[in-house]
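Scroll down for the structure; my scribbles are underneath it.
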Amino acid sequence: MSSRAFVFIVPIVVIAVFWLMARWEARFHKDASHKGFFERNGKVLGIAFILLVAFWALFLVVLPYLYMVVESFHPTLPPMKRGGPEDVLTFRQYESLVVLPTGGTNWTHINAFFFSIIASMAVTALNFAICYPLAYYMAQVGTAQKVRLILLGLIVPYWVNEILRAFSLRLLLASKGLINNILVGIGILDTPIDFLGNNVGLYVGLSYAYLLVMIFPLYNAIESLDKNQVEAARDLGAPWWRIHKDIVIPYAKPGIASGCTMVFMFSAGALAAPLFLGGPRTLWFTSVIYNFFFQAFNWARGSAYAFILLFACIALVMLMLRLFKVSLGETIK
Amino acid sequence: MKSKHVMKAMLGFYILLFFGYLFGPIIVMSITAFNTPSYPQAYPFESFTTDWFVKLWNDRAMMDGLTNSIIIGIAVVTISVPVGLAAAIIMSQIYHRARSLYYLVTISPLLTPGVIIGISTVIFWKDVLGLTEVTKAVFYKGMVLATLGQSSFISAYVLLIFMARLTRFDRAQEEAALDLGASHPQVFWHILLPFLKPAIVSAIVIAFLSSFENYNTTTFAILADRTLVTVLAGQVRQGTTPALSALAVVIIGISLIGAISYEVLKRREQARAEAAQLRAKLAEQAEVGAAPELATQAG
């Protein structure tokens, strides 16, 4: 059987196993108050619910992902040869991240990979530093009216879409942009600074794009902290930095973790900001993937790279959560 | 006391900086939409013009993209809102051992980078639709694939919205209706759906907006077609023109009008609800209050 057809079997087996388990439990551990799914929803609606969710979960989520995994283990072939004798399972696509076809080391892609990961971590740290004070202010200090105003102010700029926001930053930071025009105009600079070329644009763009993703989880987490705890610590003479270090931050840890996780995942997977604000010599890992699809038409390798990125990100997030002793369940909630 | 003033000033300064960072680029962009130079420039301001808006209006590619974006948005809403609702209902009833796997599967599109969703959609549907010539000719199109790819993660947003609302649903209402002889579909249409109405409205709005402004997934799934955002992306990559700034001004204008009318509607509805509540309370007080008052008078 072809490896691609195999993808369709896996979900069916999983569903069958759970269904049998449920039947088994219903038969041997009878619970009189328990009602079956169709009893609770009626036949027509029950079937409609199941069909809708099955279509989504299988055809839009699970199968495409599995199919892409399988694709990434296939060689790059022209459409005619797909499914032919040369279409065997191989690790070649994954190896190519490290090894060039000529045998040398693929530094371009390795650098792009590590640059994306490290820069995303930097952006995450930057956003945490920028957002934490405001989240704390909104959650603990500000009056309800002020908080509502701030919330509005936070949301309004994000009505403009991602691409135009990147464009607006470019208008500020380009060598003919506003900042350089003013600095040169006043006479502080003789020649404009190349903000886009030295990646300032990239960092600012990513940070700007994901500010809200950081601030809302922080705000939600700090908001439920009892104000009396902070008061008590202050009365007992704790300096402000100890109040944050020993009370607010430990309390808000799940929120901090979820904000950081999301900002990190989003920046590592970002496409618009690196494409429009990155310097000409900067290669973001998603841009490499993008090029495999649109310039090289090498879908198998693009898939493999996409999975390397996904697994690296998940592994790193898990590691960080373990290091800071936060459980994944708390973070997703 | 003095340090408190210093802290307050620093706080004010910080909030000012924060919102400067947030609004600055957008304000600058809006100014460039009204300035004459063909390279978008806010300073120096040469002279006022609205030519860029006219140019925007005459941009065929952008207008085509806009139409496509709206069509895809409507299609995504019609898929993802029912799917998200069904998924939320199943979430509350599913076999307990399967729940964590179900949760993982349905939430995973939110944690997966949009790039991967786009790529997997194209790779999978190209082969599935390619099975027969007819499906390939009819459905293997950028618009269809973009709709499918976007629905994959937008359904998950919708699921979260419905889940939040469903946790506040009182199952006793449903039981009561069933005991009084309502059928299951009747309970669904007359009790559950009206209860979920606010969530349905916000799900529709959020689904449409996320579809409309999606880039990462769409840029892969759209194939040879184009949406407003992919057209924009192409233009930003090629160069910069104040027509893009003009578009931003239009978008901000439309959003502002939308937000204000939403706020007004909400206030009006709230006022109406409060008035109704007050009337009910007064009526109740009149009924309940009458008895003790009579009693005291008698005593």
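In order, the protein sequence lines correspond to chains A and B. With positions in the first sequence counted from 1, the corresponding number in this note's numbering is that position plus 121. With positions in the second sequence counted from 1, the corresponding number in this note's numbering is that position plus 1350. Quick reminder that beta carbons are idealized off the backbone N, C-alpha and C, glycines included. The model shown is predicted, which means the values in this text are computed figures rather than measured ones.
With 16 other CB atoms within 10 Å as the buried threshold, where does Arg286 (chain A) fall? Burial is judged here by how many other beta carbons sit within 10 angstroms of a residue's own beta carbon; Arg286 (chain A) has at least 16 and is buried.
Taking 8 Å as the cut-off, does the region 211-231 of chain A touch the region 420-428 of chain A (at least 3 CB pairs, one atom from each stretch)? A contact between stretches requires three or more CB pairs, one per stretch, nearer than 8 Å, and the region 420-428 of chain A meets this requirement with the region 211-231 of chain A.
ask   = Does Thr229 (chain A) come within less than 8 Å of chain B when only Cβ atoms are used?
value = Taking Cβ atoms only, chain B never reaches closer than 8 Å to Thr229 (chain A), which makes this a no.
inquiry  = When you compare the CB positions of Met335 (chain A) and Val384 (chain A), do they come within less than 8 Å of one another, or not?
reply    = Going by C-beta atoms, Met335 (chain A) is nearer than 8 Å to Val384 (chain A).
Pair every Cβ in the region 195-214 of chain A with every Cβ in the region 415-423 of chain A, then say whether three or more of these pairs are closer than 8 Å.
At 8 Å Cβ cutoff, the stretches touch.
Buried or exposed by the 16-neighbour rule on C-beta atoms within 10 Å, applied to Leu1366 (chain B) = Its Cβ having fewer than 16 others within 10 Å, Leu1366 (chain B) is exposed.
Next item on the list: Label Ala1574 (chain B) either buried or exposed according to how many other C-beta atoms from any shown protein chain fall within 10 Å of its C-beta, with 16 as the threshold for buried.
Entry: Exposed, by the Cβ-count rule.
* To do: Grab the span of the alpha helix (DSSP H) containing His230 (chain A) for me, first residue to last.
  => Where His230 (chain A) is concerned, the enclosing alpha helix (DSSP H) stretches over 228-257.
Query raised in the report: Quick one: Cα of Val1551 (chain B) to Cα of Ser1397 (chain B), how far?
Result: Rounded to the nearest whole angstrom, the C-alpha separation of Val1551 (chain B) and Ser1397 (chain B) is 44 Å.
inquiry  = Against chain A, does Phe1519 (chain B) count as a neighbour if the rule is that its beta carbon must be under 8 Å from one of theirs?
reply    = By this cut-off, Phe1519 (chain B) is not an interface position.
Quiz item: Does the beta carbon of Thr264 (chain A) sit closer than 8 Å to a beta carbon anywhere in chain B?
Solution: For Thr264 (chain A), the answer is no, since every Cβ of chain B falls outside 8 Å of its Cβ.
Item to complete: Check the Cβ of Tyr186 (chain A) against every Cβ in chain B and list those closer than 7 Å, keeping chain order.
Response: Here the neighbours are Ser1470.
So, are the CB atoms of Tyr93 (chain A) and Val369 (chain A) less than 8 Å apart? Chain A is shown only over 122 to 454; residue 93 (chain A) falls outside these bounds and no answer can be derived.
| query | Are Ala389 (chain A) and Ser237 (chain A) closer than 8 Å when you measure CB to CB? | reply | Ala389 (chain A) is a Cβ neighbour of Ser237 (chain A), given a cutoff of 8 Å.
Item to check | Asn1385 (chain B), DSSP secondary structure in three states | outcome: It is a strand residue.
If you drop the 5 nearest sequence neighbours on each side, which residues of the same chain put their C-beta closer than 8 Å to that of Asn1385 (chain B)? Cβ neighbours of Asn1385 (chain B) beyond the five flanking positions: Gln1391, Ala1392, Phe1395, Glu1396, Ser1397, Phe1398, Thr1399, Pro1592.
Item to complete: Compute the Euclidean distance between the alpha carbons of Arg269 (chain A) and Tyr340 (chain A), then round it to the nearest angstrom.
Response: Straight through space, the alpha carbons of Tyr340 (chain A) and Arg269 (chain A) are spaced by roughly 13 Å.
- Looking at C-beta atoms only, is the number of pairs between the region 1503-1511 of chain B and the region 1553-1560 of chain B that lie closer than 8 Å three or more? These segments touch.
| request: Give me whichever residues DSSP pairs with Phe182 (chain A) in a beta bridge. | output: Per the sequence shown, residue 182 (chain A) should be read as Val rather than Phe. Answer is none; Val182 (chain A) lacks a bridge partner.
Option in B:Ile1604, B:Lys1486, B:Val1478, B:Pro1548 with minimal Cα separation from Val281 (chain A):
Selected option, being the one with the closest Cα: B:Ile1604.
Item to check | The alpha helix (DSSP H) enclosing Val1449 (chain B), as first and last residue numbers | outcome: Looking at the sequence itself, residue 1449 (chain B) is Arg, so the reference to Val does not match. From DSSP, the alpha helix (DSSP H) with Arg1449 (chain B) extends over 1449-1461.
- prompt: Quick one, are the C-beta atoms of Thr1590 (chain B) and Gly1468 (chain B) less than 8 Å apart?
  reply: Contact: no.
Residues bridged to Phe1398 (chain B) [DSSP beta-bridge criterion]: Its beta-bridge partners are B:Asn1385.
_Quick check: what's the CA-CA separation for Ser1380 (chain B) versus Gln1500 (chain B)?_
Roughly 30 Å separates the two Cα atoms.
Give the secondary structure of Val1614 (chain B) by DSSP, where H, G and I count as helix, E and B as strand, and everything else as coil. DSSP places Val1614 (chain B) in the helix class (H, G or I) of the three-state scheme.
Find out if the Cβ-Cβ distance for the pair Pro1463 (chain B), Leu317 (chain A) is shorter than 8 Å.
The answer is no: Cβ separation not under 8 Å.
Notebook entry, point to check: Can a CB atom of chain A be found closer than 8 Å to the CB of Tyr1612 (chain B)?
Noted result: With its beta carbon at least 8 Å from every one in chain A, Tyr1612 (chain B) lies outside the interface.
Check whether the region 177-191 of chain A touches the region 393-409 of chain A, counting contact only when three or more Cβ pairs, one atom from each stretch, lie closer than 8 Å.
Remark: fewer than three beta-carbon pairs, one from each stretch, lie closer than 8 Å, so the region 177-191 of chain A and the region 393-409 of chain A are not flagged as touching.
**Asked** Can you tell me where the alpha helix (DSSP H) with Glu1483 (chain B) in it begins and where it stops?
**Response** Where Glu1483 (chain B) is concerned, the enclosing alpha helix (DSSP H) starts and stops at 1483-1489.
Notebook entry, point to check: Three or more beta-carbon pairs under 8 Å between the region 1529-1542 of chain B and the region 1453-1461 of chain B, yes or no?
Noted result: Three or more beta-carbon pairs separated by less than 8 Å are not found between the region 1529-1542 of chain B and the region 1453-1461 of chain B, which leaves the two stretches without contact.
- Delimiting residues of the alpha helix (DSSP H) encompassing Gly205 (chain A): Element bounds for Gly205 (chain A): n/a, residue is neither H nor E.
Between the region 1372-1383 of chain B and chain A, which residues of the former have a C-beta closer than 8 Å to a C-beta of the latter?
The residues in question are Leu1372, Phe1373, Gly1374, Pro1375, Ile1376, Val1378, Met1379, Thr1382.
- Enclosing alpha helix (DSSP H) for Val301 (chain A) [first to last residue]: A quick correction: the sequence has Asn, not Val, at residue 301 (chain A). Start and end: 299-307.
#### Entry: C-beta neighbour in chain A for Gly1464 (chain B), strict 8 Å
Answer yes: the Cβ-Cβ gap between Gly1464 (chain B) and chain A drops below 8 Å somewhere.
Output the boundary residues of the alpha helix (DSSP H) element that contains Pro196 (chain A).
In this chain, Pro196 (chain A) is not harboured by any alpha helix (DSSP H), its DSSP state being neither H nor E.
message = Between the alpha carbons of Ala1598 (chain B) and Arg1518 (chain B), how many angstroms are there, rounded?
response = Across the structure, Ala1598 (chain B) and Arg1518 (chain B) are spaced so that their CA atoms are roughly 39 Å apart.
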